[in-house]
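Colleague: Taking my numbering, the leading residue of the sequence shown gets 68, the next gets one more, and so forth.
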Amino acid sequence: MERTSGLRDRFQRVTSFTVRNEKTPQGPEAAQMSTDASIDMGWGRIIFGHTFRSQKDLCAAMDRERAGKRDITFYLRDPHVLLSMGPERFFLDPSHTYRLWMHEYQPRNIRPGAFTIRRLHSRSDAEGVNRLYATRQMVRCDPDFLLTHTASRQRTHLVAESLVDGKIVGTVTGVDHVEVFADPEQGASLWCLAVDPQTNAPGVGEALVRHLTDHYLTRGRSYIDLSVMHTNTEAIALYEKIGFQRVPVFCVKRKNSINEPLYTGTSPVEALNPYAGIIVKEALRRGIGVKVVDAAHGYFDLTFGGRRVACRESLTDQTSAVAMSRCDDKRVTHRILAAKGLNVPRQYPAKDPDENRKTLKALGRVVVKPARGEQGTGISVDLQTVEDLEKGVRRARRFCPDVILEEFVAGEDLRLIVIDYQMVAAAVRRPPVLVGTGRHTLRTLIKKYNRRRAAATGGEGRLPMDAETKRCLALAGYQLDDVPAAETKIPARKTANLHTGGTISDVTEAIHPELAKVAVSAARALDIPVTGLDFMVPDLARPDYWIIEANERPGLANHEPQPTAERFIDFLFPQTTGSRSNRRQN
Numbered sequence: 068m069e070r071t072s073g074l075r076d077r078f079q080r081v082t083s084f085t086v087r088n089e090k091t092p093q094g095p096e097a098a099q100m101s102t103d104a105s106i107d108m109g110w111g112r113i114i115f116g117h118t119f120r121s122q123k124d125l126c127a128a129m130d131r132e133r134a135g136k137r138d139i140t141f142y143l144r145d146p147h148v149l150l151s152m153g154p155e156r157f158f159l160d161p162s163h164t165y166r167l168w169m170h171e172y173q174p175r176n177i178r179p180g181a182f183t184i185r186r187l188h189s190r191s192d193a194e195g196v197n198r199l200y201a202t203r204q205m206v207r208c209d210p211d212f213l214l215t216h217t218a219s220r221q222r223t224h225l226v227a228e229s230l231v232d233g234k235i236v237g238t239v240t241g242v243d244h245v246e247v248f249a250d251p252e253q254g255a256s257l258w259c260l261a262v263d264p265q266t267n268a269p270g271v272g273e274a275l276v277r278h279l280t281d282h283y284l285t286r287g288r289s290y291i292d293l294s295v296m297h298t299n300t301e302a303i304a305l306y307e308k309i310g311f312q313r314v315p316v317f318c319v320k321r322k323n324s325i326n327e328p329l330y331t332g333t334s335p336v337e338a339l340n341p342y343a344g345i346i347v348k349e350a351l352r353r354g355i356g357v358k359v360v361d362a363a364h365g366y367f368d369l370t371f372g373g374r375r376v377a378c379r380e381s382l383t384d385q386t387s388a389v390a391m392s393r394c395d396d397k398r399v400t401h402r403i404l405a406a407k408g409l410n411v412p413r414q415y416p417a418k419d420p421d422e423n424r425k426t427l428k429a430l431g432r433v434v435v436k437p438a439r440g441e442q443g444t445g446i447s448v449d450l451q452t453v454e455d456l457e458k459g460v461r462r463a464r465r466f467c468p469d470v471i472l473e474e475f476v477a478g479e480d481l482r483l484i485v486i487d488y489q490m491v492a493a494a495v496r497r498p499p500v501l502v503g504t505g506r507h508t509l510r511t512l513i514k515k516y517n518r519r520r521a522a523a524t525g526g527e528g529r530l531p532m533d534a535e536t537k538r539c540l541a542l543a544g545y546q547l548d549d550v551p552a553a554e555t556k557i558p559a560r561k562t563a564n565l566h567t568g569g570t571i572s573d574v575t576e577a578i579h580p581e582l583a584k585v586a587v588s589a590a591r592a593l594d595i596p597v598t599g600l601d602f603m604v605p606d607l608a609r610p611d612y613w614i615i616e617a618n619e620r621p622g623l624a625n626h627e628p629q630p631t632a633e634r635f636i637d638f639l640f641p642q643t644t645g646s647r648s649n650r651r652q653n
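1. Does DSSP put N649 in a helix, in a strand, or in coil?
2. Contact between the stretch 417-431 and the stretch 450-457: three or more CB pairs below 8 Å?
3. Leaving out five residues on either side along the sequence, give the residues of the same chain with a beta carbon under 8 Å from the beta carbon of L329.
4. Where K322 and H626 are concerned, what is the direct C-alpha to C-alpha distance, given to the nearest angstrom?
5. Under the three-state reduction of DSSP, which class applies to Q204: helix, strand or coil?
6. By a C-beta neighbour count over all protein chains shown, 10 Å radius and 16 as the cutoff for buried, is K397 buried or exposed?
7. Taking the alpha-carbon of V239 as reference, which of S229, A249 and H224 has the nearest alpha-carbon?
8. According to DSSP, is F212 helix, strand or coil?
9. Is I325 closer than 8 Å to L167 when the C-beta atoms are compared?
10. Any heavy atom of the ligand NAD closer than 7 Å to the Cβ of N564?
11. Please work out which residues of its chain come closer than 7 Å, Cβ to Cβ, to P420, disregarding the five sequence neighbours upstream and downstream, and give them in chain order.
12. Less than 8 Å between C-beta atoms, sequence neighbours within five positions excluded: which residues of the same chain meet that for Q385?
13. What residue does the alpha helix (DSSP H) around F466 start on, and which one ends it?
14. So what's R77 in DSSP terms, helix, strand or just coil?
15. Does the distance from the CB of R461 to the CB of D449 come in under 8 Å?
16. State buried or exposed for L230, treating a residue as buried only when at least 16 other CB atoms are found within 10 Å of its CB.
17. Under a three-way DSSP split, which group does K234 fall into?
18. Go ahead and label H170 buried or exposed: buried means 16 or more other beta carbons lie within 10 angstroms of its beta carbon, across all protein chains shown.
19. Contact check, E473 vs P412 under 8 Å by CB: the rounded distance?
20. Could you work out which residue in F466, T508, T631 and T536 is closest to A493 when comparing CA atoms only?
21. How would you label E307, buried or exposed, when you count the other beta carbons within 10 angstroms and need 16 or more for buried?
22. Is it buried or exposed, F635, if we count other Cβ atoms within 10 angstroms and call 16 or more buried?
23. In whole angstroms, give me the CA-to-CA distance for I446 and A590.
24. The alpha helix (DSSP H) that contains Q385, what's its start and end?
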């Protein structure tokens, strides 16, 4: 009985809200409400549809959307009528609206140890926010706009700053409806929640949402609304955990190049993985024809001016079969690079246990890897005992009969992207690290970590709960069902490969110039025009290095904000460089 009554009350609140916003506001309070209200957010405007006295005026306001921006028209009365007035220009956004009623909100005192929440206040903050927007394919803002409006009572820009390196790892923006249009319902809304997909600090998103909620609670606001894409299950789960409830409120957007995937349906292009998709989207921007051959495996053809290039992600028919085979076999890669005088770690073939034991004694610490393979499969790093060595060899032989024992060299795992024999991007890859909460087992932390990594990589990156992960946890003194103390950092893998849960951070501007020259020399030695070279370096700012291997099909989507896709299309179709768009605003 109580449950039924509660549901009825909730329905009445939602219905009351909807009815109020489907007609022109009435009453003495509503008379003070601003009309034709909107607010510029830098990435576009939020247009408050229910403040317009006619659909004609609303249509005219929506038609004033600026190029490269994404306006959102929210709180619509009669959205079906609005769409009928401009079906060629407008579409109903496929997002859900959620509301948090302040009188039902249960505050929670979160004390994050790895980051702090504060207001945006500097250009480096604004640049950090734009970096997060880029990784989430969101429209970016002019840093000057963010800095100019950071002190406004209408907008509240919050950031989460890492206490380890000072990096911005999260952001959220709030809009106070009372300050914008004298809202008689005393509402507010939440926009642009974005969390760094590379951070291993848990709870960044929840801490940002709660901090913003507490802020509006102290201002006496009645509710906070938000709009979230219906497919964003991770964000929806977070909002519902905090107490947000679905409400029947809709928004409409203009049909433009930014919003195109939302109103054209799922195309073969949209079915491509992130590594193929980033290339195809750049090609389409330049008017290059695209034919998806096999979306599941990333095969597509690009055509322009009567010329066709066959691609599998970043591997094309411009890379010869010989060059590909040189990269495919790590032994061949090693011999060619060593012959050119480039630094490579010592390498030996795995043999019988007695010979392997001698190799281990000579090297001290070894890496075991299949001679052929990709995405980090079958690799075991920093093995120091005979028992671990033989386990690693047996594991590697499941993927390839030929196994390599390689000298372990310590340092930063650096991926350098070479396109058309020019170094385009550099990024440090780091192994997955789990951060204890004091409440969850490592098994649960891995599941949570994998949800974040899967969301960040389009499902391409996950930390496997396999023997190698268990070995690394055991080295740190843990088992899967242990509950580590809050803020305890536990290395879960020795390899930094993204497909096994590693993270990646752009360092293009930070590396020593000699490393870029060496990468180009290695690409020329292998005679491969597009490659990802894996280095180990003791210090990014020094010229010392070892080249570990070369990848004939590097993932270009992992190197935001560097223009890897643009440079890739420049290489394939140099005649289209004049039609290259500015660095992505969408």
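Each residue gets a CB set at the ideal place from its N, CA and C atoms; glycine is no exception.
Modeller: From the atom records:
1. If you number the sequence shown from 1, residue 649 lands on position 582. With a pLDDT of 41 at N649, under the threshold of 50, the modelled position of this residue cannot be trusted; read the value that follows with caution. The answer is coil: DSSP assigns N649 none of H, G, I, E or B.
2. yes
3. What you label residue 329 is simply residue 262 of the sequence shown in a count that begins at 1. If we look at L329 and ignore the five residues flanking it on each side, its Cβ neighbours are F158, D160, P161 and K320.
4. Taking the sequence shown and counting its residues from 1, one reaches residue 322 at position 255. Taking the sequence shown and counting its residues from 1, one reaches residue 626 at position 559. Approximately 29 Å between the Cα atoms of the pair.
5. For the purposes of this step, residue 204 is identified with residue 137 of the sequence shown, where counting begins at 1. Residue state, collapsed to three classes: coil.
6. By 1-based counting over the sequence shown, the position of residue 397 is 330. With 16 or more Cβ atoms within 10 Å of its Cβ, K397 is classed as buried.
7. As a first step, residue 239 must be located in the sequence shown, where it is residue number 172. Minimum Cα distance to V239 is reached at H224.
8. Residue mapping note: residue 212 aligns to position 145 of the sequence shown, counting from 1. Helix at F212.
9. In the sequence shown, counting from the first residue as 1, residue 167 sits at position 100. In the sequence shown, counting from the first residue as 1, residue 325 sits at position 258. No, they are not a contact pair.
10. This structure simply doesn't include the ligand NAD, nor any ligand for that matter.
11. Position 353 of the sequence shown, counted from the start, is the residue given in the question as residue 420. Contacts found: E457.
12. The residue given as residue 385 occupies position 318 in the sequence shown. Excluding residues within five positions, the ones whose Cβ falls inside 8 Å are V376, P596, V597, F638 and L639.
13. Mapped onto the sequence shown, residue 466 falls at position 399. Per DSSP, F466 belongs to no alpha helix (DSSP H) and is neither H nor E.
14. Against the sequence shown, residue 77 aligns to sequence position 10. Only weak support is given to the placement of R77: the predicted model assigns it a pLDDT of 43, under 50, and the question is left unresolved by the model.
15. As a first step, residue 461 is located in the sequence shown; it is residue number 394 there, counting from the start. As a first step, residue 449 is located in the sequence shown; it is residue number 382 there, counting from the start. Contact flag unset, no.
16. If you number the sequence shown from 1, residue 230 lands on position 163. Classification for L230: exposed.
17. Locating residue 234 in the sequence shown gives position 167, where the first residue counts as 1. It is coil, neither helix nor strand.
18. Walking along the sequence shown from the start, residue 170 turns up at place 103. Flag for H170 reads exposed.
19. What you label residue 473 is simply residue 406 of the sequence shown in a count that begins at 1. What you label residue 412 is simply residue 345 of the sequence shown in a count that begins at 1. Correct: roughly 5 Å between the Cβ atoms.
20. The residue you call residue 493 lines up with position 426 of the sequence shown. It is T631 whose Cα lies nearest to the Cα of A493.
21. What you label residue 307 is simply residue 240 of the sequence shown in a count that begins at 1. Answer is exposed; the Cβ neighbour count stays below 16.
22. On the sequence shown, position 568 is the one that residue 635 refers to. By the neighbour-count rule (16 or more Cβ atoms within 10 Å), F635 is buried.
23. The sequence position of residue 446 within the sequence shown is 379, counting from 1. The sequence position of residue 590 within the sequence shown is 523, counting from 1. The straight-line gap from Cα to Cα measures roughly 23 Å.
24. Counted from its first residue, the sequence shown places residue 385 at position 318. That residue, Q385, is in no alpha helix (DSSP H); it is neither H nor E in DSSP.
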